[in-house]
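Residue numbers 1 to 504, in UniProt numbering, belong to the letters of the sequence shown in order.
Yeah, the Cβ is synthetic: ideal placement off N, Cα and C, and Gly gets one too.
Each remark here refers to the structure printed beneath this line.
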Amino acid sequence: MVANDKTVNGANTNELSENLARTTLRDSEAAAAAPKTAAPSASASLPIRNTAVKGLFEDEQAAYKGCRLSKRAQDNPVQEIGEKLDLIIRNSYDKDTNPDGLINLGIAENTLLTQEYLDYFKGAIKHLQPYDLTYGTQSSGSRRLNEAIAKMWNENFSPIEPVKPDDIVTGPGASSVLDQLIAALLDPGQGVLLAGPHYNGFDVNMVARSGAKIRPAPIPLEDVFTPREVDIHLEKELQTAKEEGVEIRAVMLCSPHNPYGRTYDKETLLAYASFCERHDLHLISDEIYALSVFDNPNLPDAPPFISMLSLDFEKETGKPFDKSRLHIVYSFSKDFGINGFRLGAVISPHNRFMLRCMMASVFLMKVSSPADCLVSALLNDDEAFKRLIGENQRRLADSAAFMRRWFEERGMKPMQSNAGHFMMVDVRERLNIKSFEDEKDIAIKCVPCGVLVVSTAAKWVERGDVDLGEGVGTDTGVRIEVVPGSEGVAEWSGPLSLIDCSES
Ligand SMILES: Cc1ncc(COP(=O)(O)O)c(C=O)c1O
C-alpha cells in the first residue's frame with residue numbers, strides 16, 4: 001500500500017468520510033435537540049452513542065494553535081482510516097438506541113451466540129482470583145491464559161510439536177498483537193507482502209505505529225487459493241517493491257481468508273512456506289477464523305482448516321525450512337463472538353529471541369484480567385467449548401446459506417465460502433457496475449442510505465495499477481458480512497436497500 005493511500009475499509013475517499021461525518025453530525029444535532037424521553041433506569045443498560053467528533057482532520061489540524069505535536073502523530077498515513085472506523089462505530093445501527101444509525105456490513109462482529117456467551121460468562125466470573133486484581137502472574141496475560149491457549153491449540157489444530165505456554169504472547173486482540181509483532185519483525189519503511197484483496201484492518205494494524213508498509217499483490221480469481229497465488233503474483237509484487245526501493249521482510253497469510261471466507265489447501269500453504277524460505281522472509285499466519293469453518297454443500301471438496309503449525313514443511317517438500325520465521329496470530333474475537341473482550345495472541349514456538357524482544361513492550365498490551373479469566377474458564381471447560389464452537393459452526397452454515405439465497409434471489413452472485421463471517425458478492429450486473437469507480441461510488445452512496453458495505457475495488461482504484469479485466473478486477477465484488485448482515489438486511493425497514501441505492 002502506498003504511504004499516502006487514502007483507502008480503508010474498502011470504500012474510502014474524502015467523500016465517504018464527509019458522508020460519514022455528515023451522518024454523525026446529523027444524529028448528534030438531532031440528539032441534542034430531542035427531548036430526553038428515556039427513563040434513566042431504561043437507558044442505563046443501553047450502549048451510549050457518543051457522536052461528539054465533528055469536522056475533518058484537516059480542519060482540526062489547520063485550526064490547531066496548541067503546543068506542537070509530533071510529526072509522527074500528524075503525518076500518520078492511516079489517520080483517515082482510524083477516524084473513519086471511529087465514526088462508523090460511534091454511529092452503528094442499534095434497534096433501540098440508534099435506529100437511524102448505519103447498518104454496518106463492514107465489520108466482522110459475530111452475534112450468532114451473543115445470548116449463550118452472556119449466560120456462560122456471567123457464570124464464569126466466579127473464577128476470578130485475588131491475583132486478577134494485581135498485575136498478575138506475568139507481563140502479558142496470565143500464566144493461566146497461556147496454559148489454556150496452549151491446550152486449545154494442541155487439542156484442536158494438531159501442531160507437529162505441542163505448543164507450550166511460553167511460546168505465546170497475549171495482547172488485547174489480534175490488531176494489537178500484530179502491531180507489536182510487526183514492530184519486532186520490521187524496521188520503519190520495510191514492507192509486508194500479502195495477497196489482495198485483503199482484510200482492510202491490516203492497513204492499520206501493521207502500519208499505524210510500526211511505520212511499515214504493506215504491499216498487496218492483486219490475485220486473479222482463477223489463481224486464488226492455488227500455489228500460483230504465491231509463485232507468480234507474490235513473486236511479481238516482491239520484485240516491484242524491490243524496484244520501488246521497498247525492502248519486503250515478511251509475508252502475511254490470512255488463513256482462513258478474509259475477505260474470501262475460504263480455507264487454504266496444503267499445497268498452497270506449502271507454497272507460502274517455500275516462498276518465505278526462498279526469499280528469507282518472516283511468515284505471519286493470521287488464523288483468527290480457525291474455528292469458524294462450516295459446511296457449504298456447494299463446496300463439497302473444500303479443505304479443512306490447516307494450521308501452519310501442523311505442517312512438517314521439510315518432510316512435505318524435502319527442502320529445508322527455518323521455522324523461526326513462522327509466527328501465528330490468533331484472537332478470540334471471531335470464533336467466539338467476543339470482539340469486545342480484546343484478547344489475542346502471537347504463537348511463535350520456534351523463535352524465542354523474537355518473543356524475548358517483545359518483552360520490552362509486552363506490558364503495554366497486557367490483557368485485562370476479567371477477559372483473561374473468562375476466556376481461560378471457557379477454554380478449560382471442554383463440554384462448553386465443544387458445544388459453543390459446534391453451535392457457532394452450524395449457525396454460520398445456516399446464516400451463509402440464507403445470505404447466498406438472499407443475494408441470488410435478487411440477481412447478485414455470492415462467491416461460495418466455507419469460513420468466516422462474510423462473503424464476497426459479485427454485484428456488477430444487478431447494480432450496473434462497469435468499472436472500479438462505479439463500485440466505489442455505490443459504496444459511497446450507500447452511506448447516506450444507512451448501509452455500510454465494503455467495496456474491495458476501492459484500494460485497487462487508489463493504486464491505479466489495476467483495471468477491469470485484470471487482476472482482482474476480473475470479479476468486482478462487494479464484501480458483505482454474513483452474520484450481522486443477515487440480521488441487518490432482513491430487518492432493515494429504512495427507505496433504501498442496497499439495491500435501491502444504486503437505482504436512486
Ligand atoms: C483477518 C483478521 N485479522 C485480525 C482482525 C482483528 O481482530 P481483533 O478483534 O482480534 O483485533 C480481524 C477482524 O476483523 C480479521 O478479520
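Under the three-state DSSP convention, the category residue i falls into
i: residue 507; result: Because the chain spans 1 through 504 in this model, residue 507 falls outside it and cannot be assessed.
i: Cys449; result: coil
i: Asn98; result: strand
i: His127; result: helix
i: His233; result: helix
i: Gly171; result: strand
i: Ile48; result: Below a pLDDT of 50, predicted positions are generally treated as unreliable, and Ile48, at 41, falls in that range; the measurement from the model is reported next regardless. It is coil, neither helix nor strand.
i: Ile433; result: coil
i: Arg262; result: strand
i: Ala443; result: helix
i: Ala108; result: coil
i: His257; result: strand
i: Val177; result: helix
i: Pro165; result: helix
i: Gly488; result: Bear in mind that the predicted position of Gly488 carries a pLDDT of just 37, short of 50, making it unreliable; the figure below should be weighed with that in mind. Reduced to three states, the DSSP call for Gly488 is helix.
i: Leu133; result: helix
i: Asp475; result: Because Asp475 sits at a pLDDT of 39, beneath the cut-off of 50, its placement in the model cannot be relied upon, and the point is left open.
i: Leu194; result: strand
i: Ala419; result: strand
i: Phe121; result: helix
Endpoints, the beta strand (DSSP E) within which residue i is located
i: Ile248; result: Ile248 to Cys254
i: Phe422; result: Phe422 to Asp426
CA nearest to the CA of residue i, picked from the options
i: Phe332; options: Val362, Leu388, Pro297 and Glu314; result: Leu388
i: Val204; options: Gly196, Pro197 and Ile214; result: Ile214
i: Ser417; options: Gly261, Ala124, Asp94 and Ser348; result: Gly261
i: Leu185; options: Ala241, Gly211 and Arg278; result: Gly211
i: Leu112; options: Glu408, Pro414 and Ser399; result: Ser399
i: Asp187; options: Pro256, Val246, Pro370 and Gly171; result: Val246
i: Pro448; options: Asn98, Leu102 and Lys413; result: Leu102
i: Val293; options: Leu309, Thr137 and His257; result: His257
i: Leu238; options: Thr226, Pro216 and Pro259; result: Pro216
i: Gly201; options: Leu221, Val177, Ile219 and Pro220; result: Val177
i: Glu429; options: Ile444, Leu133 and Glu408; result: Glu408
i: Ser307; options: Phe353, Lys319 and Glu267; result: Glu267
i: Arg404; options: Asp382, Ala384 and Val427; result: Val427
Rounded C-alpha distance that separates residue i from residue j
i: Tyr330; j: Asp59; result: 38 Å
i: Met358; j: Ala174; result: 15 Å
i: Ala148; j: Ser158; result: 15 Å
i: Phe363; j: Tyr93; result: 35 Å
i: Glu287; j: Asp166; result: 19 Å
i: Glu244; j: Thr114; result: 47 Å
i: Ile347; j: Ile328; result: 5 Å
i: Gln79; j: Ser324; result: 33 Å
i: Tyr264; j: Glu391; result: 23 Å
i: Ala150; j: Glu161; result: 11 Å
i: Glu481; j: Met423; result: The pLDDT assigned to Glu481 is 49, lower than 50, so where the model puts this residue is not dependable; a value taken from the coordinates is nonetheless given after this. If you take the alpha carbons of Glu481 and Met423, they lie about 6 Å apart.
i: Asp438; j: Gln190; result: 33 Å
i: Asn339; j: Asp86; result: 15 Å
i: Lys440; j: Met206; result: 24 Å
i: Cys446; j: Ser285; result: 33 Å
i: Ser140; j: Asp223; result: 40 Å
i: Arg410; j: Ala401; result: 14 Å
i: Ile182; j: Asp280; result: 16 Å
i: Lys71; j: Ala208; result: 13 Å
i: Val169; j: Arg90; result: 30 Å
i: Asp312; j: Lys334; result: 27 Å
i: residue 557; j: Lys413; result: Nothing about residue 557 can be read from this structure; the chain reaches only from 1 to 504.
i: Trp153; j: Arg68; result: 47 Å
i: Lys122; j: Ser369; result: 15 Å
i: Thr137; j: Leu269; result: 36 Å
i: residue 532; j: Arg143; result: This structure does not reach residue 532, given that the chain is present from 1 up to 504, and the question cannot be answered.
i: Asp179; j: Cys254; result: 16 Å
i: Gln74; j: Gly66; result: 13 Å
The alpha helix (DSSP H) enclosing residue i, as first and last residue numbers
i: Asp286; result: First-last for Asp286: His282 to Asp286, but that is the beta strand (DSSP E), not the alpha helix (DSSP H).
i: Leu186; result: Leu186 -> no alpha helix (DSSP H), and no H or E assigned at all.
i: Ala73; result: Lys71 to Gln74
i: Phe313; result: Phe313 to Thr317
i: Arg209; result: Segment: none, Arg209 is in no alpha helix (DSSP H) and carries neither H nor E.
i: Asn296; result: Counting along the chain, Asn296 falls outside any alpha helix (DSSP H), and DSSP gives it neither H nor E.
i: Asp203; result: Phe202 to Asn205
i: Leu145; result: Arg143 to Asn156
i: Glu82; result: According to the sequence displayed, residue 82 carries Gly and not Glu. From DSSP, the alpha helix (DSSP H) with Gly82 extends over Gln79 to Arg90.
i: Asp59; result: Phe57 to Ala63
Any non-hydrogen atom of ligand 3 closer than 7 Å to residue i Cβ
i: Ser331; result: What this structure holds is ligand 1, not ligand 3.
Length at least 3, wholly inside the segment 321 to 401: the beta strand (DSSP E) runs in chain order: 326 to 331 and 344 to 347
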